[in-house]
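Asks: Handing you this structure, nothing more for now.
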Amino acid sequence: MKNNKYFPEAVAIGVSAGGLKALTKVFSNLPADFPIPIIVTQHLHPLEDSYLAELLSRITLLPVKEARDKEKIKPGDIYVAPPNYHLLIERNETISLSSDEKVNHSRPSIDVMFESAAYAWGTGLIGIILTGANSDGAYGIKIIKEFGGLTIAENPKTAKYPMMPKSAIDTGTVDKILTLSEINEFLINLSRIDKNGYMNFVEDINGTQTEDIDR
Amino acid sequence: MKIKDIENLEITLLLDAMYQRYGYDFRDYARASVERRARQFLIKTGYKSISEMIPALLHDELFFQTLVREFSITVTEMFRDPSVYRVLKEKVLPVLKTYPFIKIWHAGCATGEEVYSLAILLKENGLYDRATIFATDFNDEALEKAKQGIYNLENVKQCTQNYQKAGGSESFSQYYHAKYDSIVIDKSLQKKITFANHNLVTDHSFGEMHLILCRNVLIYFNKTLQNRALNLFDDSLVPGGFLCLGNKESLLFWEKGKKYESIEDSSKIFQKKYLPEGLNMSNEKQ
Ligand SMILES: C[S@@+](CC[C@H](N)C(=O)[O-])C[C@H]1O[C@@H](n2cnc3c(N)ncnc32)[C@H](O)[C@@H]1O
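Protein sequence lines, in the order shown, are assigned to chains A and B. For the first sequence, position 206 matches number 206 in our numbering, and the numbering has no gaps at all. One gets our numbering by counting positions in the second sequence from 1 and adding 215 to each.
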């Protein structure tokens, strides 16, 4: 039934206005042996060329790539959704891109990424929602929680644009509300602990731990 | 079993039902996207689970058709990714000019915007009259719209901008006339175009082409199906012919990718290599 000893398999981050600064903070000093993949959907202007990956690769030791269709997801790499395409995660841990209609006026949409990632990784997913001036990602956070993942929102009090984290929190399914530097610390600590340490670690930062839904 | 695994099974059964009952095969489409579409469709229908839709699907053809529409994403625009048209104009049209007649295939043409965009480019470069253009899709509703060539006036500003960025040399407004809140594509652009239903999963090659455009279709397929479609294009291209894919599509995972060369760094237009005399690769076909 409930598997107490597990280690997360992936981090998915959704971010909009104010994103580059926030991501810079969140990724600072991540160790080169960071154990799991990080997938990022940042709202971008459709014509903005794909320089987010390049900017981010200057601030972290981890390889940052613009996500490619059908690409196998590797631990320790950071994948960024390309402008004008939704990024979806397949259950076999590969990436799919799609040019479906916009969702929440956005393409890429955070909800689309979160939802597919929740189906792919279930309890193994950590979903993080950062600054933004809309409510994309709120529905996705709810799904991540429903499937037993861990959900984190940037503290709206300190977020540059509080609406996105606040909308997620309003769903009542956010496990932990943290500042950017606390999220950064959380990620750095992830690479220092093992399976046995993870549950204690999560319970430390997080009063209520979720259960996987089993039937 | 976890809920998400049960749902996965339900979707497999739904896709099987669709295939066995109607011959429409979505089993090798990129799964995450199909799942998302199925969930969305479920909400619209009011059924409680994916598997509850299966009896309706089996017995009600209209229900099937609405589901197919949900699975077929026809998002498109005039001169989408304008820089692609620039490269076509600078690198591909000069080669096509050397042929006395040219055959072009748009596979997955959706509502036709891409077809008319290229037609304009051909016209402005003096190639339209020697072209035969096939535009296919498996979505009849989209094809019908494509044939009519009537589009929303709202988008005309965006179209015009794209046209200019694509290197259009005239005025975009000469290619349509406005009617109420629509634009109607000029009939002279239509005379060389044949629209037809063709399914990339089940149908075969129908002739030798000099240029095939299949953009933003392959991303909806899994690797197996991508390879099938690419083999079909390979069967349909003359040596030295061109294959133009969508901006996020590639030949990376295709075993015959080596037979093709990208015509410009980072462009998604590939040229089929001319093979040296005597080296016959036709037995490689399946
Ligand atoms: C996103 S649209 C791309 C339209 C256009 N090529 C463009 O890039 O703007 C994808 C199209 O592929 C068509 N399609 C999907 N699966 C297909 C199949 N198996 N056979 C033929 N067409 C298919 C859909 O009906 C849809 O019209």
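Backbone N, C-alpha and C define an ideal beta-carbon position, used for all residues, glycine too.
To which residues of the same chain is B:A334 closer than 6 Å at the C-beta, ignoring the five residues directly before and after it?
Replies: L404
Asks: In or out: B:T417 buried (at least 16 other Cβ within 10 Å) or exposed?
Replies: exposed
Asks: Between B:L435 and A:S98, how many whole angstroms is the CB-CB distance? I'm expecting something under 8 Å.
Replies: Going by the sequence as given, residue 435 of chain B is Tyr instead of Leu. Yes, they are in contact, since the Cβ atoms of B:Y435 and A:S98 sit about 7 Å apart, within 8 Å.
Asks: The beta strand (DSSP E) that contains B:N367, what's its start and end?
Replies: 365-367
Asks: Taking only the alpha-carbon atoms, compute the straight-line gap between B:K360 and B:Y395 and give it to the nearest angstrom.
Replies: 17 Å
Asks: By the three-class DSSP mapping on this structure, what secondary structure does B:C324 have?
Replies: coil
Asks: Is B:Y435 near ligand 1 - that is, is its Cβ less than 8 Å away from at least one heavy atom of it?
Replies: yes
Asks: Going residue by residue through the region 71-140 of chain A, where are the continuous alpha helix (DSSP H) segments of at least 4 residues, counting only ones entirely within it?
Replies: Here the runs fully enclosed are 110-121.
Asks: Under 9 Å, Cβ to Cβ, is there at least one residue of chain B near A:A118?
Replies: yes
Asks: Buried or exposed: B:F490, going by 16 or more other Cβ atoms within 10 Å of its Cβ?
Replies: The residue asked about is misnamed: residue 490 of chain B is Leu in this sequence, not Phe. Exposed is the call here.
Asks: List in chain order: all unbroken alpha helix (DSSP H) runs of 4+ residues lying wholly within the region 435-467 of chain B.
Replies: 438-451
Asks: So which residues on chain B does A:K70 lean against when the C-beta distance must stay under 7 Å?
Replies: K438, F468
Asks: Is the CB of B:E479 under 9 Å away from at least one CB in chain A?
Replies: no
Asks: Beta-carbon separation of A:Y119 and A:R91 under 9 Å?
Replies: Taking a C-beta distance under 9 Å as the contact criterion, A:Y119 and A:R91 qualify as a contact pair.
Asks: Spell out the partners DSSP gives A:A216 in its beta bridges.
Replies: Residue 216 of chain A lies beyond the range of chain A shown here (1 to 215); nothing can be said about it.
Asks: Please state if the CB of B:N412 and the CB of B:D352 are separated by a distance shorter than 9 Å.
Replies: yes
Asks: Any idea if B:K483 is buried or exposed, counting beta-carbon neighbours within 10 angstroms, 16 or more meaning buried?
Replies: Classification of B:K483: buried, given that the 10 Å Cβ count is 16 or more.
Asks: Closer than 9 Å, CB to CB, is A:E54 near chain B or not?
Replies: no
Asks: To the nearest angstrom, report how far apart B:E222 and B:S420 are at their CA atoms.
Replies: 36 Å
Asks: Under 8 Å from any heavy atom of ligand 2, does the C-beta of B:E369 make it?
Replies: Annotation note on ligand 2: not contained in the displayed structure, which lists ligand 1 as its ligands.
Asks: Would you say B:E328 touches ligand 1, meaning its beta carbon is less than 8 Å from a heavy atom?
Replies: yes
Asks: Going by the beta-carbon positions, is the gap between A:S265 and A:T158 smaller than 9 Å?
Replies: In the structure as shown, chain A starts at 1 and stops at 215, and residue 265 of chain A therefore has no counterpart that could be examined.
Asks: Taking A:F147 as the query, report the chain B residues whose CB atoms sit under 9 Å from its CB, ordered along the chain.
Replies: Ordered by position in chain B, the residues that pass the 9 Å Cβ test against A:F147 are K217, I218, K219.
Asks: Per DSSP, what kind of secondary structure is B:Y244 in: helix, strand or coil?
Replies: It is a strand residue.
Asks: Give, in chain order, every residue of the region 101-113 of chain A whose Cβ lies closer than 8 Å to some Cβ of chain B.
Replies: For the region 101-113 of chain A, the set of residues with a beta-carbon nearer than 8 Å to any beta-carbon of chain B comprises E101, V112, in chain order.
Asks: Give me the Cα-Cα distance between A:R192 and A:T171, rounded to the nearest whole angstrom.
Replies: 31 Å
Asks: Could you tell me whether the region 297-305 of chain B touches the region 250-258 of chain B, using the rule of 3 or more Cβ pairs below 8 Å?
Replies: no
Asks: My guess is that A:G122 and B:K217 are in contact by the Cβ rule of under 8 Å, so how many angstroms apart are they, rounded?
Replies: 7 Å
Asks: If you count every other CB in all the chains shown that lies within 10 Å of the CB of B:G238, and 16 or more means buried, which is it?
Replies: exposed
Asks: One question on the structure: do A:P8 and A:I126 come within less than 9 Å of each other, judged by their Cβ atoms?
Replies: yes
Asks: When the Cα atoms are used, what is the spatial distance from B:F448 to B:L458?
Replies: Rounded to whole angstroms, the separation of the alpha carbons of B:L458 and B:F448 is 8 Å.
Asks: On the criterion of 16 or more Cβ atoms from any shown chain inside 10 Å, does B:E276 qualify as buried, or is it exposed?
Replies: exposed
Asks: Counting only runs of 4+ residues fully inside the region 238-299 of chain B, write out the alpha helix (DSSP H) ranges in chain order.
Replies: The region 238-299 of chain B contains these whole alpha helix (DSSP H) runs: 246-260, 268-274, 276-286.
Asks: Just checking: is the beta-carbon of A:I89 within a distance shorter than 9 Å of some beta-carbon in chain B?
Replies: Residue-level contact check: A:I89 touches chain B, since one or more beta carbons of chain B fall below 9 Å from its beta carbon.
Asks: Inspect the beta-carbon positions of B:Y378 and B:I398 and report whether they are closer than 9 Å.
Replies: no
Asks: Going by DSSP in three states, B:A388 sits in which element: helix, strand or coil?
Replies: Inspection of the sequence shows that residue 388 of chain B is occupied by Ser rather than by Ala. B:S388: helix per DSSP, three-state reduction.
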